[in-house]
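Counting along the sequence shown from 1, when you hit position 158 you're at 158 in the UniProt record's numbering, and nothing is skipped either side.
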Amino acid sequence: MRHLPYFCRGEVVRGFGRGAKELGIPTANFPEQVVDNLPADLSTGIYYGWASVGSGDVHRMMVSIGWNPYYKNTKKSMETHIMHTFKEDFYGEILNVAIVGYLRPERNFDSLESLISAIHGDIEEAKKRLDLPEHLKLKEDSFFQLPWTNWSTLPLLIIFHLCLKAVK
């Protein structure tokens, strides 16, 4: 995909409440403004990469971009599953995401169990791919090492415009 790696940053907002509760797979959601700023030709589907919350550690992640056909969403969303156990929710914090690869297109499922099974398979595949040297090096990208200040003092409009594609 020609837009990868793709770097994006934005405030974590409440989503549909399905990730942790219904699927057992918590997600951090970006606001509509961030989703609307994704490149128009970035395909919907399941991607993998790296993520950090605020100035915290960088962890493996996978992200679903699209309409989640199983749930018949009417709005496009970007839902990030960070492969780390956090002690508490982090709504309102800044999520930093580096999307480095594409796993598969989004698709519908005939049951909740088959959706959950596919997500677990995606997680395992993402872990394998992120261990490849070309992807592992992006964990150390300067995008995650910006001199952090109190981002909450910046106007949200500026944060939304910080979504950018890599020029690498």
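Glycine residues also receive a C-beta, built at the ideal position from the N, C-alpha and C atoms. Please read these numbers as outputs of a predicted model, since none were measured by experiment.
In this structure, V53 and F90 form a Cβ contact; the two beta carbons are roughly 5 Å apart against a cut-off of 8 Å.
Under DSSP, A28 forms a beta bridge with T80. Annotation for R60: the continuous beta strand (DSSP E) segment containing it runs H59 to G66.
Straight-line spacing of the CA atoms in V100 and R129 works out to 10 Å. Sequence-distant partners of F30 (beyond 5 residues in either direction) whose C-beta falls short of 6 Å from its own C-beta, in its chain, are G10 and M78. In this structure, F109 sits away from A98, with a CB-CB distance that is not shorter than 8 Å.
Exclusion of the five residues before and after L138 leaves P5, G49, W50, A98 and V100 as the residues of its chain whose Cβ lies within less than 8 Å of its Cβ. Under the DSSP assignment, R18 falls outside any alpha helix (DSSP H); it carries neither an H nor an E label. The secondary-structure analysis by DSSP pairs L95 across a beta bridge with G10 and V53. As a beta-bridge residue in DSSP terms, Y48 pairs with M62 and G101. Pairing E32 with E22, the inter-Cα distance amounts to about 22 Å.
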